[in-house]
Amino acid sequence: MVCLGNICRSPLAEGILKDKLDPNRFIVESAGTGGWHVGNPPDPRSVAIAKKRGLDIGDQRAQQFKAVFFDQYDLIFAMDQSNFQDLKALANSQEQLNKLSLLLEAIFPGEGVDVPDPYYGGASGFAEVYDLIDRACSVIAQEINEKFD
Ligand code: 4NP
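The numbering used here applies: residue 1 is where the sequence shown begins, and numbers increase by one.
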């Protein structure tokens, strides 16, 4: 799960998808394309909306996406088109590119819809982001369970 800072959107996506998959079978991690927040916990507004919905994401710490992750993970989800383009530039084979998709393709196929960046907005933006990610992750979890049956 990849966004820009790894403090707002992708920590939510990590927590939400993890909660929908068997922890003994799947590893879910998140990262940012940027490195400004490396080592920091998620934004308090992300922690708060997750807590409200029953998830504890407070122990996560931000990391920067590294090209080697293309080899280490089977699927890589970008939160928005800008993250997608930055990740695409780091891929060095068609096989790696095939692992990459925009998260909301799961619920809006072919529409290129972004998870909006809630960083400069208020708490309602975080609730909207949570619900979008949650809907997409429900579909993705089902697809993963079928694909890796
Ligand atoms: P995120 O949000 O990509 O969802 O973690 C952002 C967090 C921090 C910044 C930008 C976006 N920033 O510019 O510091």
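For every residue, glycine included, the Cβ atom is placed at its ideal position computed from N, Cα and C. Owing to the predicted nature of the structure, the values given are computational and were not obtained by experimental measurement.
In this structure, how does DSSP classify Cys8 when only helix, strand and coil are distinguished?
Translated into the one-based positions of the sequence shown, residue 8 becomes position 8. Cys8: coil per DSSP, three-state reduction.
Once DSSP output is grouped into helix, strand and coil, what is the label at Gly54?
Position 54 of the sequence shown, counting from 1, holds the residue named residue 54. The answer is coil: DSSP assigns Gly54 none of H, G, I, E or B.
Using DSSP bridges, identify the partner residues of Cys3.
Position 3 of the sequence shown, counted from the first residue, corresponds to residue 3. Cys3 pairs with Gly32.
CA-CA distance, Gly121 and Leu4?
For the purposes of this step, residue 121 is identified with residue 121 of the sequence shown, where counting begins at 1. For the purposes of this step, residue 4 is identified with residue 4 of the sequence shown, where counting begins at 1. Distance between the alpha carbons of Gly121 and Leu4: 16 Å.
Report the CB separation of Leu90 from Ala78 in whole angstroms; it is logged as a contact under 8 Å.
Your numbering for residue 90 matches position 90 in the sequence shown. Your numbering for residue 78 matches position 78 in the sequence shown. About 11 Å; that fails the 8 Å criterion.
Give, in chain order, every unbroken run of the beta strand (DSSP E) that is at least 3 residues long and sits entirely within the segment 85 to 119.
100 to 102
Boundaries (first-last residue) of the beta strand (DSSP E) holding Ile76
The residue given as residue 76 occupies position 76 in the sequence shown. Counting along the chain, the unbroken beta strand (DSSP E) around Ile76 starts and ends at 76 to 78.
Give the range of the alpha helix (DSSP H) segment to which Val68 is assigned.
As a working note, residue 68 is residue 68 in the sequence shown. No alpha helix (DSSP H) holds Val68; DSSP gives it neither H nor E.
Take the Cβ of Val47 as the centre, count every other Cβ of all protein chains shown within 10 Å, and call the residue buried at 16 or more, exposed below.
Taking the first residue of the sequence shown as position 1, residue 47 is located at position 47. Classification for Val47: buried.
Would the C-beta of Leu4 count as close to the ligand 4NP, meaning under 6 Å from any of its heavy atoms?
Stepping through the sequence shown from its first residue, residue 4 is reached at position 4. Relative to the non-hydrogen atoms of the ligand 4NP, the Cβ of Leu4 comes within a distance shorter than 6 Å of at least one.
Using CA coordinates, which residue listed in Ala106, Ala136, Asp22, Val115 is at the minimum distance from Arg9?
Numbered from 1 along the sequence shown, position 9 holds the residue referred to as residue 9. For Arg9, the nearest C-alpha among the options comes from Val115.
Could you check whether Lys20 and Cys137 sit closer than 7 Å to each other, using their CB atoms as the reference points?
Against the sequence shown, residue 137 aligns to sequence position 137. Against the sequence shown, residue 20 aligns to sequence position 20. Yes, they are a contact pair.
Which class does Asp131 belong to by DSSP, given the choice of helix, strand or coil?
Indexing the sequence shown from 1 puts residue 131 at position 131. Three-state DSSP puts Asp131 in a helix.
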